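Scroll down for the structure; my scribbles are underneath it.
Protein chains in written order, with the working numbering: chain A, 81 to 452; chain B, 81 to 452.
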């Protein structure tokens, strides 16, 4: 029999997961109880309220889906999209592509507006594509994890205007932004979103916080076909998380303990303080990377704080650098995806890792492995 | 700010989750590492091999799905079923109904064969329904958690024969049987299955071990439509778990540590020894319940060892009994579902709780609350 698994001690500075704080690991290991235990129902209520604060929303359906971030995407899209629905998706990275692919598999007629990877989404082109047409949904990625590009508040506002004109729901992927950048669903008029736990929330992967507006719920009520996914049927899931407490599936109890603790840490720190910490760490990292002679993929105004994409210098074997950092210094950073594979590194300073000291540690080791 | 959540100390004797052994809780709380870390890929390989031993199969695609047991059902059915496919499902409880509902939402033309709840599935009626017809899939529940009824090996063989005659895949829900009862996918010719972690595996809920035969994979290869669920696309999931290691979604790292540990505990104990322990505990419970004057729902030859359904005596408020057990003695047992709501209790002796001492403890407290 193989011995128990002892994970190496890594500093996780890739695109996620980031390191899990000890308090959250401890919460994860508390004794399992039943998914209908009165004590557990209390935790569920608190969790909904906390997620609402993180998402900046009073939406009633603000709950963690029992799957990873992409499962939250699947849940939201499977409920909002009926076969034949027209959907407009902005694409400038892997996660916009995934959004469009997921919608298309559900039977949507997808219109894609593409911008270059590493540049911000061209929201005027999105508005132009929507103009005079009727769409069920306009979708985009708030923080494109494959490139490190932000969809700024004014760009989201442009998409909201376009959605109003074409009668569409506005749907955002907030996987890498939640708890690291302001999300503000209600202020921006976002109708539906999904996130992940292993990014700025600093909780292990395995749950996907989602939120749907009343307007999004109306769209579900008006469906003429049943939701094709039994598991992700949000009307049934809402009845477990709502006052009915109707059994749907067995909730992932211990992961929910962890998310409960992780959201507590976020709110105890304060959202603004946390955003500022992520910003300060990222700015420090950017400066250090430039001092090493490295070039950043994204122009400063469009950069994400939680995730930075760095161009691999000419002649450098990017995989060797990543392997060296991992093998010699137990530091994980990410490589590029799709057309950026081999061309960039992705460095995440998320959750407890969003500190200038962590940035310095990485810069120091990166300088070592680059100069050998 | 609300304080951290401190779960009460419960003895979980309902239909699942059961209590999680300390070793598994400890594994859950080990530091998170990356989903493509070489050390983690090792764990994945071991886990596949161990799950194969638990399922009694050499199937290549034997992996945990990143969702709960019902998510594994969703994944298996979404990949095997195309709209218009004919599917035959045996129903004698909630989980057969769920199977049929899930298939129907995916566009299957579902034929239902129903048996009374609490009795075994009438597999001759299933064979008669299949005779002379072509089905894509014949499905049933191995251990019906809502009633405590087993689908015995000879009944599975009858279904396998029927599947052969009608060109169908044989698909079983093994949520409550895996690691508590022999599953033996290869010996029984089962083409696809899903299970859960929170039953006899004694791991927290949140993952669904599944397995697909080569024949099932051929059916996926021959699809003329894409799998409607991006998240549950098994061809892509198989490439992450296979030698390609292609990123699909971020695996629930810490939950996989826990499952790795839980499977280690099962195999260290020995499958036969574990089955025998579940059987001995259940027989002890049955005897004790009858000595209390209670009547069991299911006739002995068809009873599940991990889960026992007991009729609520005339005039007894079943919810009061469950509340008393929970409030006074921290013991959770389950109520009935659907037509059996209010009529039965469901008592699980699963995983570490499958001991005669645990059965005695429950019997003692149950006698107390019944006689007050």
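Each residue gets a CB set at the ideal place from its N, CA and C atoms; glycine is no exception.
Model, not experiment: these values are computed from the prediction.
Pairwise C-alpha distance: residue 350 of chain B and residue 453 of chain B: Given a span of 81 to 452 for chain B in the structure shown, any question on residue 453 of chain B remains unanswerable.
Which listed residue (A:382, A:282, A:362 and A:338) has its alpha carbon closest to that of residue 99 of chain A: Counting from one through the first chain, the residue named residue 99 of chain A turns up at place 19. Answer by Cα proximity: A:282.
Contact between the stretch 258-271 of chain B and the stretch 379-394 of chain B (3+ Cβ pairs under 8 Å): Verdict: yes, contact present.
Candidates A:398, A:304, A:288 and A:431: closest to residue 347 of chain A by CA position: Here residue 347 of chain A refers to the residue found at position 267 when the first chain is read from its first residue. Comparing Cα positions, the closest option is A:431.
Test: residue 280 of chain A CB closer than 8 Å to a CB of chain B: Position 200 of the first chain, counted from the start, is the residue given in the question as residue 280 of chain A. No, residue 280 of chain A lies away from the interface with chain B (no Cβ there is under 8 Å from its Cβ).
DSSP three-state assignment for residue 189 of chain A, whether helix, strand or coil: Within the first chain, numbered from 1, the residue matching residue 189 of chain A stands at position 109. Three-state result, residue 189 of chain A: strand.
Spatial distance of residue 109 of chain B from residue 137 of chain B (CA atoms): By 1-based counting over the second chain, the position of residue 109 of chain B is 29. By 1-based counting over the second chain, the position of residue 137 of chain B is 57. Looking at the two C-alpha atoms, the distance is approximately 30 Å.
Inter-residue spacing [alpha-carbon to alpha-carbon] between residue 338 of chain B and residue 111 of chain A: For this step, residue 338 of chain B is matched to residue 258 along the second chain. For this step, residue 111 of chain A is matched to residue 31 along the first chain. So the alpha carbons of these two residues sit roughly 13 Å apart.
Residue 434 of chain B (DSSP reduced to helix, strand or coil): As a first step, residue 434 of chain B must be located in the second chain, where it is residue number 354. Coil.
According to DSSP, residues forming a beta bridge with residue 388 of chain A: For the purposes of this step, residue 388 of chain A is identified with residue 308 of the first chain, where counting begins at 1. Paired residues: A:427.
Proximal residues of chain B, C-beta to C-beta of residue 186 of chain A below 7 Å: Reading the first chain from its first residue, position 106 is the one you call residue 186 of chain A. In chain order: 308.
Selected residue, minimal CA-CA separation from residue 105 of chain A, among A:336, A:416, A:353 and A:238: Here residue 105 of chain A refers to the residue found at position 25 of the first chain. Closest in alpha carbon position to residue 105 of chain A, among A:336, A:416, A:353 and A:238, is A:336.
Euclidean distance between Cα positions of residue 378 of chain A and residue 324 of chain B: Numbered from its first residue, the first chain carries residue 378 of chain A at position 298. Numbered from its first residue, the second chain carries residue 324 of chain B at position 244. If I take the Cα positions, the gap works out to 30 Å.
DSSP three-state assignment for residue 143 of chain B, whether helix, strand or coil: Here residue 143 of chain B corresponds to residue number 63 of the second chain, with the count starting at 1. In the structure shown, residue 143 of chain B sits in a strand (DSSP, three-state: E or B).
Any chain A beta carbon closer than 8 Å to residue 335 of chain B: The residue given as residue 335 of chain B occupies position 255 in the second chain. With a threshold of 8 Å between beta carbons, residue 335 of chain B makes contact with chain A.
Beta-carbon neighbours of residue 397 of chain A, restricted to chain B and to distances below 9 Å: Your numbering for residue 397 of chain A matches position 317 in the first chain. The premise fails here: residue 397 of chain A is roughly 18 Å from chain B at the closest Cβ pair, so nothing lies under 9 Å.
Length of the line joining the Cα atoms of residue 143 of chain B and residue 135 of chain A: If you number the second chain from 1, residue 143 of chain B lands on position 63. If you number the first chain from 1, residue 135 of chain A lands on position 55. Between residue 143 of chain B and residue 135 of chain A, the C-alpha separation is close to 33 Å.
C-alpha distance - residue 327 of chain A paired with residue 201 of chain B, whole-angstrom precision: Here residue 327 of chain A refers to the residue found at position 247 of the first chain. Here residue 201 of chain B refers to the residue found at position 121 of the second chain. About 24 Å.
Spatially closest choice to residue 115 of chain A from A:334, A:221 and A:195, by CA coordinates: Position 35 of the first chain, counted from the first residue, corresponds to residue 115 of chain A. That would be A:334, whose Cα lies nearest to the Cα of residue 115 of chain A.
Reduced DSSP secondary structure (H/G/I, E/B, other) of residue 324 of chain B: Residue mapping note: residue 324 of chain B aligns to position 244 of the second chain, counting from 1. Here residue 324 of chain B carries a coil assignment [DSSP, helix/strand/coil].
CB contact check: residue 89 of chain A to chain B, cutoff 8 Å: Mapped onto the first chain, residue 89 of chain A falls at position 9. Contacts with chain B at 8 Å (Cβ-Cβ) include residue 89 of chain A.
Beta-carbon proximity check, residue 519 of chain A vs residue 85 of chain B, cutoff 8 Å: In the structure displayed, chain A extends from 81 to 452; residue 519 of chain A sits before or after that span and is not available.
Interface residues of the stretch 335-358 of chain B facing chain A [CB-CB below 7 Å]: 335, 337, 340, 341, 344, 347 and 348
Proximity winner among B:149, B:225, B:176 and B:162, relative to residue 416 of chain B (alpha-carbon distances): If you number the second chain from 1, residue 416 of chain B lands on position 336. Per the Cα distances, B:225.
Minimum Cβ-Cβ distance from residue 245 of chain A to chain B less than 8 Å: Looking up residue 245 of chain A in the first chain gives position 165. Cβ-Cβ to chain B under 8 Å: no for residue 245 of chain A.
Nearest-angstrom beta carbon gap, residue 266 of chain B and residue 296 of chain B [assumed within contact, 8 Å]: Along the second chain, read from residue 1 onward, the residue named residue 296 of chain B stands at position 216. Along the second chain, read from residue 1 onward, the residue named residue 266 of chain B stands at position 186. Going by Cβ atoms, the distance from residue 296 of chain B to residue 266 of chain B rounds to 13 Å, so no, they are not a contact pair.
Neighbourhood of residue 235 of chain A by C-beta distance below 6 Å, restricted to the same chain and skipping five residues each side: As a working mapping, residue 235 of chain A is identified with position 155 in the first chain. Excluding sequence neighbours, residue 235 of chain A sits near 203.
Residues that residue 222 of chain B contacts on chain A, provided the C-beta gap is smaller than 8 Å: Counting from one through the second chain, the residue named residue 222 of chain B turns up at place 142. For residue 222 of chain B, none of the residues of chain A pass the 8 Å Cβ criterion, the least Cβ distance being about 17 Å.
Limits of the unbroken beta strand (DSSP E) element including residue 288 of chain A: Here residue 288 of chain A refers to the residue found at position 208 of the first chain. Counting along the chain, the beta strand (DSSP E) containing residue 288 of chain A begins and ends at 288-292.
Given 8 Å, three or more beta-carbon pairs between the stretch 171-179 of chain B and the stretch 298-306 of chain A: no
Proximity of residue 210 of chain B and residue 246 of chain B at Cβ, strictly below 8 Å: Position 130 of the second chain holds residue 210 of chain B. Position 166 of the second chain holds residue 246 of chain B. It is a contact, given that the beta carbons lie within the stated cut-off.
DSSP bridge partner residues for residue 411 of chain A (one or two, in chain order): The residue you call residue 411 of chain A lines up with position 331 of the first chain. In the DSSP assignment, residue 411 of chain A is bridged to A:91.
CB contact below 8 Å: residue 311 of chain B versus chain A: The count along the second chain starts at 1 and reaches residue 311 of chain B at position 231. Taking Cβ atoms only, chain A reaches closer than 8 Å to residue 311 of chain B, which makes this a yes.
Cβ shell of residue 500 of chain A (< 6 Å), same chain only, five flanking positions each side left out: Residue 500 of chain A falls outside the range modelled here, since chain A spans only 81 to 452, and no answer is possible.
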